[in-house]
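Trainee: Numbered according to our numbering, the sequence shown spans residues 841 to 1333.
Backbone N, C-alpha and C fix where the C-beta goes; we use that ideal spot for every residue, glycine too.
Below: one structure in structure tokens.
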Amino acid sequence: MAKELKDLTKRSVSYSQWYNELVVKADLAEQSDVRGCMVIKPYGYAIWEKIQRALDDKFKETGVQNAYFPLLIPKSFLSREAEHVEGFAKECAVVTHYRLKTNEEKNGVVVDPAAKLEEELIIRPTSETIIWNTYKNWIQSYRDLPILCNQWCNVMRWEMRTRLFLRTAEFLWQEGHTAHATKEEAEERAKMMLKVYADFAEKYMAVPVVQGVKSETERFAGALDTYTIEAMMQDGKALQSGTSHFLGQNFGKAFNVQFINKENKLEYAWATSWGVSTRLMGALIMTHSDDNGLVLPPKLAPIQVVIVPIHKNEEQLKAIDEKVDGIVNQLRALGISVKYDNADNKRPGFKFADYELKGVPVRLVMGARDLENNTVEVMRRDTLEKETRTCDGIVEYVKNLLDEIQENIYLKAKNYRDEHIYECDNYEDFKARVKNGGFFLCHWDGTAETEAQIKEETQATIRCVPFDVEQTPGVDMVSGKPAKYRVLIARSY
């Protein structure tokens, strides 16, 4: 094993430390010199690009188009929707000046006091305000609707306690913003995009999710309803992995976005917004990876297959090169990303450990004896199982193996999640068990007071009212009052 693996903290020792080390050792990201911000390294960004590409295609299949809106938002815009500004005010980074000048010592720069902005600008924490200020120029009639826009960009939300991918001051995401002529159409779009996220999470990320609607306390600032997908990490904590918001007419009214409807009457436009971020990278890591490093679903792995030769001399390497060349070309013809690592600056053992650490789904190894026998060693990253296969038919075998690995890691995650979902109606029992992780289905009386008490006493929150859970009558485990819902409660990231 390479030194990197020997030094990787085991999950059983410290799950948090294991995660922090793995992100860095697997070359995904590192802390930057800007407090609270990260550098996403090429291997990590390659995964994000695959996430982007797949989601972007799914968005466009529903009629969404990409656009781009300004990074800087006038402060007055955030004042127009009361709940929105209250929700984000404490996280905003503010630009107050537009120029620097050389200091008196001529050895540095200072802010030029004469260059103070008339109105401060906010680095976008989210873009509802700037986008709806723009939409008012685009919308006059019901014939201009719907508008279905998305942008891929960065946002800034000032964070004091950060963790790579999970919570950083600046992060990458996509934010969709749609405008509609009717309430029904907007609600349908918000729910549609949640299903897009859920489908992507399960079929591409191999991460099982619970779909539901947030409580009033937990919903997005300025939304009438927030729909969410919640995933369970290996430590039993929840990770909110995507949200879609029905915004009603709040932003239409705040920015005076009116249109002539089919009855020739003025009406405010109806809105949605929806987004996922580089937090999905954290979900990938914490759902599947193990003490040996990353375990990546083949659909999102930058390298799906790596081939490593073992040779004693240049003559053997040349013969292996020629044999492998045909395999590489056939795999690539099937759309499989493959790397043939015949570099001579690292020993095979180091390469094995490195690609294992980086979660490459399939590793093929060919040595001199394999060359003679027309065989190749195959190792699958999800189970670490090895077998020797004939080179005849190896391409089709690897293609099917990648599909099998994708399905296997999803089922493994789903079985773990399902085994750690509990029905619980006794508050003392809940308090004793929730600290060990898991999703708890509990009756709730629907009040913010009960919700706040649970959070204060257990550090657990109501993640959502799940769509696929039967809402049977019951009694709130905290207040003893009749329950309105059976909700999903968990500690979370």
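Name, in chain order, the residues that DSSP records as bridge partners for E870.
Mentor: Answer is V879.
Trainee: Give the straight-line distance between the Cα atoms of R1273 and P1322, rounded to the nearest whole angstrom.
Mentor: C-alpha separation (whole angstroms): 23 Å.
Trainee: Might you give, ordered along the chain, the residues of its own chain that have their beta carbon closer than 7 Å to the beta carbon of A842, omitting 5 neighbours on each side?
Mentor: Because the pLDDT of A842 is 48, which lies under 50, any placement of that residue in the model is unreliable, and the question is left without a value.
Trainee: Between which two residues does the beta strand (DSSP E) carrying F1086 extend?
Mentor: F1086 -> beta strand (DSSP E) spans A1078 to G1088.
Trainee: Nearest CA to the CA of C1304: which residue from F909, V879 and V1050?
Mentor: Out of F909, V879 and V1050, V1050 has the C-alpha closest to the C-alpha of C1304.
Trainee: For S854, count the other beta carbons within 10 Å of its own beta carbon; 16 or more makes it buried, fewer makes it exposed. Which is it?
Mentor: Exposed, by the Cβ-count rule.
Trainee: Write down the C-beta distance between I887 and M1121 rounded to the nearest angstrom, noting that I regard them as a contact closer than 8 Å.
Mentor: I887 to M1121, Cβ: 6 Å. Contact.
Trainee: Looking at the structure shown, is G884 part of a helix, part of a strand, or coil, going by DSSP?
Mentor: Correct three-state label for G884: helix.
Trainee: Going by DSSP in three states, M1337 sits in which element: helix, strand or coil?
Mentor: This structure cannot speak to residue 1337, because the chain is shown only from 841 to 1333.
Trainee: Just list the residues that DSSP pairs H1017 with in beta bridges.
Mentor: DSSP output for H1017 lists C989 and S1113 as bridge partner(s).
Trainee: Can the beta-carbon of A1330 be found less than 8 Å from the beta-carbon of F1270?
Mentor: Cβ atoms of A1330 and F1270: not closer than 8 Å.
Trainee: Inspect the beta-carbon positions of W969 and R920 and report whether they are closer than 8 Å.
Mentor: Looking at the sequence itself, residue 969 is Thr, so the reference to Trp does not match. Contact flag set, yes.
Trainee: Please report how far the alpha carbon of K1093 lies from the alpha carbon of W998, in whole angstroms.
Mentor: C-alpha separation (whole angstroms): 28 Å.
Trainee: Who are the Cβ neighbours of F1283 in its own chain at under 7 Å, not counting the five residues just before and after it?
Mentor: It is worth fixing the name first, because residue 1283 is His in this sequence and not Phe. Correct list, in chain order: D1265, G1314, V1315, D1316, M1317, A1323 and R1326.
Trainee: Would you kindly work out how many angstroms separate the C-alpha atoms of V1146 and G1199, rounded to a whole number?
Mentor: Rounded to whole angstroms, V1146 to G1199 spans 11 Å at the Cα level.
Trainee: To the nearest angstrom, how far is the alpha carbon of D897 from that of R1172?
Mentor: Rounded to whole angstroms, D897 to R1172 spans 21 Å at the Cα level.
Trainee: What residue range is occupied by the uninterrupted alpha helix (DSSP H) comprising A1063?
Mentor: Here A1063 belongs to no alpha helix (DSSP H), and DSSP marks it neither H nor E.
Trainee: Counting only beta-carbon separations shorter than 8 Å, does S981 have a partner in chain D?
Mentor: Absent from the structure is chain D; it holds one protein chain and no more.
Trainee: Which residues in the same chain have their Cβ closer than 7 Å to the Cβ of T1002, if we skip the five residues on either side of it in sequence?
Mentor: Excluding sequence neighbours, T1002 sits near G876, T1008 and A1009.
Trainee: L1136 to A1030, Cα distance in whole Å?
Mentor: Using only the alpha carbons, I get a separation of about 29 Å.
Trainee: May I ask you to list the residues that DSSP assigns as paired with M1072?
Mentor: Answer is A1078.
Trainee: Could you give the uninterrupted runs of the alpha helix (DSSP H) lying entirely in the region 1232–1270, keeping only those of 4 residues or more?
Mentor: You should have 1234–1259.
Trainee: Three-state secondary structure (DSSP) at G1207?
Mentor: In this structure, G1207 counts as coil in the three-state DSSP scheme.
Trainee: Does K1233 pass the burial test, meaning 16 or more other C-beta atoms within 10 Å, or should it be called exposed?
Mentor: Sequence inspection shows Gly at residue 1233; the Lys mentioned does not correspond to that position. With fewer than 16 Cβ atoms within 10 Å of its Cβ, G1233 is classed as exposed.
Trainee: Since V1050 sits in a beta bridge, which residues does DSSP pair it with?
Mentor: Paired residues: E1070.
Trainee: Excluding the 5 residues flanking P1138 on each side, which residues of the same chain have their C-beta closer than 7 Å to its C-beta?
Mentor: These residues qualify, in order along the chain: Q1144, P1201, L1242, I1245 and Q1246.
Trainee: Short check: CB of M1126 to CB of Q1074, under 8 Å?
Mentor: Taking 8 Å as the Cβ cut-off, M1126 and Q1074 qualify as a contacting pair.
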